[in-house]
Amino acid sequence: DKRFDVNMDGTVTLKRPLTLHEAYEVFSVHAWDANVSHTAPGGEQRPPVIESPLNHPPLAFARSSAGLKRAKRAKRGWVIPPFHVPENSRGSFPMKLVQIKSDFAKETEMVYSITGEGADQDPKGIFTVERLSGNLFVTQPLDREKKASYRVRSFKASIAESPMEILINVIDQNDNKPVFTQYPFNGHVHEAAGKGTCIFMTVTATDADDPETYNGIVNYAIVSQEPPFPKSNMFDINILSGTIRVREPDMDREQWPRYTLLIVAADMEGKGSSTTGTAVITITDSNDNPPQFEQTSHVVSVPENKVGHVVAKLAVSDGDEVGSPAWSTKYRIISGDKGGFFNVSTGPSQLEGIITTVKPLDFEKTKQYVLSVIVENDDPFISSFPTSTATVTVNVEYVKEPPKVKVISKPKDSTVDTELVTYTATDDSYFLFVFFSVHCIFDKNKPLQSGFVGTMMLIINFFFCSFVLLKTVQLTAFYCKIT
8 DKRFDVNMDG
18 TVTLKRPLTL
28 HEAYEVFSVH
38 AWDANVSHTA
48 PGGEQRPPVI
58 ESPLNHPPLA
68 FARSSAGLKR
78 AKRAKRGWVI
88 PPFHVPENSR
98 GSFPMKLVQI
108 KSDFAKETEM
118 VYSITGEGAD
128 QDPKGIFTVE
138 RLSGNLFVTQ
148 PLDREKKASY
158 RVRSFKASIA
168 ESPMEILINV
178 IDQNDNKPVF
188 TQYPFNGHVH
198 EAAGKGTCIF
208 MTVTATDADD
218 PETYNGIVNY
228 AIVSQEPPFP
238 KSNMFDINIL
248 SGTIRVREPD
258 MDREQWPRYT
268 LLIVAADMEG
278 KGSSTTGTAV
288 ITITDSNDNP
298 PQFEQTSHVV
308 SVPENKVGHV
318 VAKLAVSDGD
328 EVGSPAWSTK
338 YRIISGDKGG
348 FFNVSTGPSQ
358 LEGIITTVKP
368 LDFEKTKQYV
378 LSVIVENDDP
388 FISSFPTSTA
398 TVTVNVEYVK
408 EPPKVKVISK
418 PKDSTVDTEL
428 VTYTATDDSY
438 FLFVFFSVHC
448 IFDKNKPLQS
458 GFVGTMMLII
468 NFFFCSFVLL
478 KTVQLTAFYC
488 KIT
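In our numbering, the protein residues as written are 8 to 490.
Here's what the structure looks like:
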C-alpha cells in the first residue's frame with residue numbers, strides 16, 4: 008500500500024493525507040530479525056510481544072542491536088511503538104485492543120497490571136487488563152476532542168522485569184462541524200479600493216477535530232451577496248485563510264453603502280460538515296463627488312470703508328457622506344483681489360463659503376471688483392475632477408463722509424514761533440511756487456480769519472509748509488482748514 012510507510016523502529020506513517028470511509032484501515036506489516044541475540048549487563052533482557060486486536064499472530068521483537076527492532080530499550084523499561092484506536096467506536100464493550108506477552112510466559116505463569124492515564128489515574132477505568140492473559144481492553148467509546156492520547160505502563164508481577172510503556176493514540180473521526188468565531192463579521196472598505204489589491208477583513212471558523220487531518224481543516228466559500236449589484240461577485244474569499252478582498256472595482260457608496268455576504272465553512276476539503284456565517288461589509292466614502300456651487304454668478308454692493316462686512320454667502324452641495332472629509336468644503340479666491348481686500352472662509356454648515364472685507368474699500372480708487380472663487384473638499388479627489396467656480400461682482404458704494412480733521416495737541420503756554428504741523432503738497436509742474444491758505448476759526452461767534460504762508464522748502468514738485476504760532480491764544484482748541 009503506497010499510502011503508508013514503515014520506519015526502522017516499526018512505526019507506521021502516512022505518506023499523504025488519507026480519508027477513511029470506514030472506522031479503520033486494514034493492512035499487513037512484515038517484520039524480520041537478524042537472528043542475532045543481544046545480552047545486556049546484569050542478565051538477559053526479554054522484550055515483550057504484543058498481539059493485534061485483529062488476532063494476528065504475535066509479533067516477536069528482535070533482541071539484536073543490529074537489524075530491525077520493534078521494541079527499543081529505555082531507562083524505564085521496554086517501550087513499544089504507539090498504536091491507534093478509533094474514537095466513537097460502537098463496541099461492544101469491553102473491546103479488546105492488544106495482548107501483552109512476555110517470553111517468560113512459556114516458563115511460568117504471569118500476572119499483568121497497568122497504571123497511568125485512563126487506568127488508575129484520571130480519567131479512570133477506560134482501560135483494563137486481564138491479569139493472567141495480558142489482554143488490554145477499552146471499556147467505553149473514546150473521544151479524541153476530550154483526550155487525544157493515553158500513556159499507560161504495564162507490569163509483569165511474576166518476575167522482576169522492567170515495565171513496558173504503551174502509548175494509545177485516539178484516531179480522529181469527523182464528528183465535529185466548523186463553528187464561526189463570531190456572528191456577524193464586520194468589515195469596512197473604501198469604495199475606491201482597487202481590484203484584487205485590498206484585503207480588508209478575515210472570517211474565522213474553528214473545528215474541534217484533528218487539525219492535522221482534513222477532518223479539522225476548514226475551507227471557506229462565499230455562497231451569496233446581497234445586494235447583487237453592480238455585480239454578484241464583488242468580493243473574493245481565500246479558501247484556507249478566510250481573508251476577504253475586493254474583486255470588482257465598481258463599488259459606489261452613494262448607491263450601495265453596505266453588502267451582506269453569506270459564507271460557508273466546511274471541513275473535508277469543503278465536502279464535509281459545514282456551517283454558515285455572515286459578513287457585513289460597509290463601504291466607506293471616497294471623494295468621488297466634487298462640491299458644486301448652487302449659483303455660479305453673484306452681483307453685490309458693498310459700502311466703502313467697511314471692514315469685516317459680509318460681502319456674499321456662496322452655497323454649495325456635495326454628494327459624499329455627510330460629515331466626512333470628502334463632504335466638508337474649503338474655498339479660495341483665485342483672481343480679482345490683488346490688493347488683498349477680501350477673505351473667504353467656510354461657514355458653520357460646512358457647505359457655505361462666506362466672503363468678507365478685511366481692508367476698507369475706497370470708492371474713489373476702485374469702484375468694482377470681480378472675484379473668482381473655487382470650492383474644494385478637505386480630502387483630495389480620487390481622480391481629476393474639474394473644480395466648481397463662482398464669480399462674484401462687488402460694486403463699491405460711495406459713502407458721503409465729513410471732512411477728515413487732523414488733531415494737533417500743543418501746550419497752552421507754547422511760545423511764538425512754535426512749529427505746529429507740516430503739510431506736503433504735490434504738483435505735476437516743476438519749479439513753481441505753491442501758496443497755502445489758512446482759515447482758522449477761533450470761535451463760532453467770530454468771523455472767519457484767514458492768512459497766508461509761503462512755502463518753506465522746494466524740492467522738485469514736492470512742497471512743504473510749516474505752520475507756526477503767530478500769537479498766543481486763550482482758547483483750549485481751534486479749527487483750521489488748509490487750502
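Note that beta-carbon positions come from the ideal geometry of N, C-alpha and C, so glycine has one too. Since the structure is predicted, the reported quantities are computational estimates derived from the model, not experimental observations.
Next item on the list: Excluding the 5 residues preceding and the 5 following residue 300 in the sequence, name in chain order all residues of the same chain whose CB lies nearer than 7 Å to its CB.
Entry: 321, 323, 382, 395, 397
Check: What is the DSSP secondary structure of residue 337, reduced to helix, strand or coil?
Finding: strand
Checklist line | Nearest candidate by alpha-carbon position, reference residue 92, set 180, 21, 117, 199 | finding: 180
Check: From residue 399 to residue 371, what does the alpha carbon distance come to, in whole angstroms?
Finding: 21 Å
Item checked: Chain-order list of residues whose beta-carbon lies under 6 Å from that of residue 20 (same chain, five-residue window excluded) -> 12
Next item on the list: Indicate whether residue 135 and residue 146 have their beta-carbon atoms separated by less than 9 Å.
Entry: yes
Notebook entry, point to check: Is the distance from the Cβ of residue 176 to the Cβ of residue 100 below 9 Å?
Noted result: no
Check: Counting pairs of beta carbons, one from the segment 227–234 and one from the segment 264–279, are three or more of them closer than 8 Å?
Finding: yes
Next item on the list: Could you have a look at residue 323 and say whether DSSP puts it in helix, strand or coil?
Entry: strand
Check: When the cut-off is 9 Å and only beta carbons count, does residue 347 lie next to chain B?
Finding: Protein chain content of the structure displayed is limited to a single chain, and chain B is not contained in it.
Next item on the list: Specify whether the segment 204–213 and the segment 183–192 touch according to this definition: at least 3 beta carbon pairs, one from each stretch, less than 8 Å apart.
Entry: yes
Check: Taking the beta strand (DSSP E) that residue 21 falls in, what are its first and last residues?
Finding: 19–21
Check: Measuring CB to CB, does residue 132 end up less than 9 Å from residue 125?
Finding: yes
Notebook entry, point to check: Just checking, does the segment 379–393 make contact with the segment 289–296 on the three C-beta pairs under 8 Å criterion?
Noted result: yes
Next item on the list: Give me the Cα-Cα distance between residue 182 and residue 94, rounded to the nearest whole angstrom.
Entry: 9 Å
Next item on the list: Would you list the residues sitting across from residue 375 in a DSSP beta bridge?
Entry: 402
Check: What residue range is occupied by the uninterrupted beta strand (DSSP E) comprising residue 233?
Finding: 226–233
Note to self: I'd like to check one pair, residue 380 with residue 354: are the Cβ atoms closer than 9 Å?
What the structure shows: no
Next item on the list: Consult DSSP for residue 123 and reduce its assignment to one of helix, strand or coil.
Entry: strand
Check: Cβ of residue 222 within 8 Å of any heavy atom in the ligand MN?
Finding: Ligands displayed in this structure: none; no statement on the ligand MN is therefore possible.
Next item on the list: Quick one: give me the first and last residue of the beta strand (DSSP E) that residue 306 is part of.
Entry: 304–310
Notebook entry, point to check: residue 226: buried (16+ other C-beta within 10 angstroms of its C-beta) or exposed?
Noted result: buried
Next item on the list: Kindly give me the distance between the Cβ atoms of residue 143 and residue 174, rounded to whole angstroms, as I take these residues to be in contact under 8 Å.
Entry: With 8 Å as the limit, residue 143 and residue 174 do not qualify as a contact, their Cβ atoms being about 12 Å apart.
Checklist line | Three-state secondary structure (DSSP) of residue 161 | finding: strand
Margin query: Please tell me whether residue 314 and residue 351 are closer than 9 Å, where the distance is taken between their beta carbons.
Written below: no
Item checked: Rounded C-alpha distance that separates residue 346 from residue 427 -> 35 Å
Note to self: Is the beta carbon of residue 272 closer than 9 Å to that of residue 148?
What the structure shows: no
Item checked: Whole-angstrom distance between residue 290 and residue 224, CA atom to CA atom -> 31 Å
Notebook entry, point to check: When the Cα atoms are used, what is the spatial distance from residue 199 to residue 252?
Noted result: 13 Å
Check: Near residue 238, what residues of its chain come up, given a Cβ to Cβ distance below 6 Å and the 5 sequence neighbours on each side ignored?
Finding: 255
Item checked: DSSP-derived helix/strand/coil call for residue 197 -> strand
Item checked: Residue of 169, 249, 376 minimising C-alpha distance to residue 537 -> The structure shown has nothing for residue 537, since the chain only spans 8 to 490.
Note to self: Is the separation between the beta-carbon of residue 402 and that of residue 287 shorter than 9 Å?
What the structure shows: no
Check: Just checking my contact of residue 216 with residue 274 at CB under 8 Å: how many whole Å lie between their CB atoms?
Finding: 7 Å
Check: beta strand (DSSP E) containing residue 145: first to last residue?
Finding: 142–145
Margin query: Check for me: the beta strand (DSSP E) holding residue 175 runs from which residue to which?
Written below: 171–178
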